[in-house]
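Working notes, beginning with the structure itself.
4 protein chains.
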Amino acid sequence: MIDDEKTPGDFAVPDAPGGATRAVRADAKRNIDTLLEAAKEVFATSGVDAPVREIAARAGVGVGTVYRHFPQRADLVAAVFRREVDACAGAAPALAAEHPPCEALSAWLRRYSRFIATKRGLAAALHSGDPAFEPLPAYFRQHLGPALESLLDSAAAAGAVRSDVDPDDLLRAVGNLCLSGSDAGAERMVDLLIDGLRYGARFPAADSPPEQSDAGG
Amino acid sequence: MIDDEKTPGDFAVPDAPGGATRAVRADAKRNIDTLLEAAKEVFATSGVDAPVREIAARAGVGVGTVYRHFPQRADLVAAVFRREVDACAGAAPALAAEHPPCEALSAWLRRYSRFIATKRGLAAALHSGDPAFEPLPAYFRQHLGPALESLLDSAAAAGAVRSDVDPDDLLRAVGNLCLSGSDAGAERMVDLLIDGLRYGARFPAADSPPEQSDAGG
Amino acid sequence: MIDDEKTPGDFAVPDAPGGATRAVRADAKRNIDTLLEAAKEVFATSGVDAPVREIAARAGVGVGTVYRHFPQRADLVAAVFRREVDACAGAAPALAAEHPPCEALSAWLRRYSRFIATKRGLAAALHSGDPAFEPLPAYFRQHLGPALESLLDSAAAAGAVRSDVDPDDLLRAVGNLCLSGSDAGAERMVDLLIDGLRYGARFPAADSPPEQSDAGG
Amino acid sequence: MIDDEKTPGDFAVPDAPGGATRAVRADAKRNIDTLLEAAKEVFATSGVDAPVREIAARAGVGVGTVYRHFPQRADLVAAVFRREVDACAGAAPALAAEHPPCEALSAWLRRYSRFIATKRGLAAALHSGDPAFEPLPAYFRQHLGPALESLLDSAAAAGAVRSDVDPDDLLRAVGNLCLSGSDAGAERMVDLLIDGLRYGARFPAADSPPEQSDAGG
DNA sequence: CATGAATGAGCCTTCATTCAT
DNA sequence: AATGAATGAAGGCTCATTCAT
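Chains as they are written, first to last, in the numbering used here: chain A, 1 to 217; chain B, 1001 to 1217; chain C, 2001 to 2217; chain D, 3001 to 3217.
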């Protein structure tokens, strides 16, 4: 239901089954990778609204090459976004294997924070109504949600965090926290959120503060 | 509820010393107020990147009038921002007087959330390097920081929240949480943050808070 | 049903009822006229596909001015087209008053030919599917159809041409004949068509020479 | 019906003197034919301004192949045009052999009309100043002029049409009539022209022949 | 030779900013 | 002082043409 997407990374390079055009394909693929990497860097530097020309220049290609692979500017943004979502989601298992549950969780959240922090302007773009961005939130949730969920579950099973946190909510919360960059106190803010996760963990404080529900009122 | 604040600072209106220009100045001020209000509405609707023309149209004036008062587009954005910062900061005392500490705190945070939520694109703008935006973060902290601090202090004194929260961190955290709009789960996220505030309040959990330190680093 | 359009020429200059902005308006109107004239000349020279910049340059204005008055490139083409349709239709009564029926008819058709001949590329544009061009054929027929019809009726009443010719067909025929320019033999072709009109006229000349002098001029 | 013409001139295929390249040349020729046919279809669908890429795709080749045979885009347009001119001219003798003079004439004119009608944008292209198009009008007249002339002569000899019509004029007239497509009333217009041919024919109709139907037959 | 990826000039269009009225 | 017309730089995108594979 979540992972039965096509193998990540293939989103823009439909691979012909025959092997005849493989040489050219390899070239193009390398170019696409260069492009995605350049775009990622430019987005981190100048925001996702950076001119296509700037991205093309940084990749050392002409604008035509960008448009060959990403017919709309938004497609490039989406592709970079997806590639990084994939990479970020893919980091979860390794972290889970190498660290205790709670550490793995916060390590991954920091990994995720860094990713988000390089997407200045993405929030505005996502709300721009551009149809190319429409599937992005779903992609986001479908790939990162399960990654975070497993980490959360492990941490909850270890009694380190409360068990009633919706992964998507947390994703969004941390995401928004870092959307404007990870410069100053972003890490502290994320920590604050993680503290929120701990509040009410498996062994809640005996006299646990009353107004949990009316926190909003 | 917003307009009946006393008009905030003269930040952009050079003050003529003579008294004969009083009528003119009142006129200009009314014009500026109209402009700021229009801009606020447009920003809420179309983001801070909305064309100047749209703002002028909404205010019922020509673009020239906008540029008379705000020589650069960014100045208008900054002015709107400052006006709302002032209004938001000014709301703190009233809330503190009318509600118990913890309620006052969360009510103000929601008030603040609404303000931020109408500034789509502001995060990107703040990082654009435009010098007109440079003093904004400081203005932000200088006005909202103390407002929040007093509310936090009261709540901490009442034992409702932990006492080691930096107001600026919280400001920024909630701000970022709502930068992309207050549509779906923003409130839940803010609640999560407020839960974070409560964790470790006057009656900290007796045995639970396991690896708190490894969360922060 | 046909003439109850707004006064021709006003299509792009909505006139405010008040007189306050009249001075600016007059300026803008003069500019629009310059623009339309420049566009007409450029269209005659380089076809209707000429770059907007070229038109703006010839009018001595910036491209922004063009787009201020004609939000889409196609709107400018349409405006020029309409203006000339109006002028051409308006020429019919004068010709009818000054010449015998058949001469008036062929004189007007030549007038019309010259107009069409300066619209290279228009046929292609009209078939481009651009919505801005959609109302053009109707405008064309509604304005030129009656103009030609009255001339045809007079000529038919005088027995000079057959009476079963659909003005719209003739309009289209002559129009197409001249769409590629009036350089070489366009006039002869139109004459050939006019001969077609005469064939089967009410009083077919028993011996009347094919080379009607008033057809060729 | 169109493909079974003998392949028209080698206008674009440099002829290697050796005989060993026969097979290759046959291959190339087949390729060129495919290309010309594809281009013809695309021109009919999207006009002569259609992108080279679209033509290459329709022919199932890469753009490089197009440019190998037609160094400039205009060369391809010209080649298609010439091929169809050849085919159209070649149809005249057969029609003359199978039909009475007047029928042969109007049948050929319709054949010719269909050819022209599939060349949207050609008029504009011919006036573009592109040197590749410069010899086209002459080619046109040199091939189609005689074809039409013989049909006209036969019809004139049979007393069906006047004898003073310049074939080139008629060619151009009918051509222009159909340049914008043969959709609605193009046929009526051509009929009107044919009526023009009849006017002043050897045996002018005394009173009846307004019936256009016999013009097409 | 064929292929199609890459190039980049050039087009349309938008919008911040200026300035004549 | 207000207005909005004019400006033109800048950006997205297309497509003819070239060239490495």
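Positions of the beta carbon are idealized from the N, C-alpha and C atoms, including for glycine.
From the options, pick the residue whose C-alpha is nearest to that of residue i; which is it?
i, options, result
"E3103/D", "R3120/D, L3122/D, L3151/D", "L3151/D"
"A50/A", "P167/A, A91/A, T118/A", "T118/A"
"L109/A", "C178/A, T34/A, A28/A", "C178/A"
"A3186/D", "D2195/C, R2188/C, L2170/C", "L2170/C"
"R83/A", "G60/A, A56/A, P71/A, I116/A", "I116/A"
"H3127/D", "E2037/C, R2111/C, T2045/C, R2068/C", "T2045/C"
"Q142/A", "R53/A, A158/A, P131/A, P167/A", "P167/A"
"I2032/C", "G2196/C, H2099/C, L2148/C, H2069/C", "H2069/C"
"A3039/D", "R3120/D, P3093/D, D3191/D, H3099/D", "R3120/D"
"P1093/B", "P1146/B, A1059/B, A1157/B, T1065/B", "P1146/B"
"P1071/B", "D1086/B, V1052/B, G1060/B", "V1052/B"
"L144/A", "D164/A, V61/A, E98/A, V174/A", "V174/A"
"E41/A", "R114/A, G159/A, A158/A", "R114/A"
"F3081/D", "G3064/D, F3043/D, G3062/D", "F3043/D"
"A1123/B", "E1037/B, D1191/B, L1148/B, R1172/B", "R1172/B"
"A1158/B", "L1193/B, V1063/B, L1148/B, P1101/B", "P1101/B"
"P1131/B", "G1062/B, E1149/B, R1073/B, S1163/B", "R1073/B"
For residue i, collect the residues of the same chain with a Cβ closer than 6 angstroms to its Cβ; drop the 5 residues on either side in sequence, then sort them by chain order.
i, result
"L3105/D", "L3151, A3155"
"D2027/C", "none"
"T2021/C", "With a pLDDT of only 42 at T2021/C, under the threshold of 50, the placement of this residue in the model should not be trusted, and no figure is reported."
"R2198/C", "V2161"
"S220/A", "Beyond the ends of chain A as shown, which are 1 and 217, falls residue 220/A; an answer cannot be given."
Can you give me the Cβ contacts of residue i inside the same chain, cut-off strictly under 8 angstroms, excluding the 5 residues immediately before and after it?
i, result
"R2111/C", "C2088, A2091, L2095"
"V2066/C", "L2035, V2052, I2055, A2056, A2059, L2076"
"G2062/C", "A2056"
"G37/A", "The question names Gly, but residue 37/A in the sequence shown is Glu. A59."
Here's a check: name, in chain order, each residue in its chain whose Cβ is nearer than 7 angstroms to the Cβ of residue i, leaving out the five neighbours to either side.
i, result
"D153/A", "none"
"M1189/B", "L1177"
"V3165/D", "L3152, L3197"
"A125/A", "V48, V77, F133"
"H3099/D", "A3107"
"F1140/B", "V1085"
"E2222/C", "Nothing about residue 2222/C can be reported from this structure: the residues present for chain C run from 2001 to 2217 only."
* Looking at C-beta atoms only, is the number of pairs between the stretch 73–80 of chain A and the stretch 116–136 of chain A that lie closer than 8 angstroms three or more? -> yes
* Pull out every residue of the stretch 3112–3141 of chain D whose Cβ sits closer than 8 angstroms to any Cβ of chain C, in chain order. => R3120, G3121, A3123, A3124, L3126, H3127, S3128
* Asked: Just by C-beta distance, which residues in the stretch 1146–1164 of chain B are closer than 8 angstroms to chain A?
  -> A1160
* To do: Mind checking the stretch 2050–2062 of chain C against chain D and listing, in chain order, the residues whose C-beta falls within less than 7 angstroms of any C-beta there?
  => none
* For the stretch 80–95 of chain A, enumerate the residues whose C-beta is nearer than 9 angstroms to any C-beta of chain B, in chain order. => none
* Select from the stretch 27–45 of chain A all residues with a C-beta closer than 8 angstroms to any C-beta belonging to chain B, and list them in chain order. => none
* Contact list for the stretch 186–201 of chain A against chain B, Cβ threshold 9 angstroms -> A186, E187, R188, M189, V190, D191, L192, L193, I194, D195, G196, L197, R198, Y199, G200, A201
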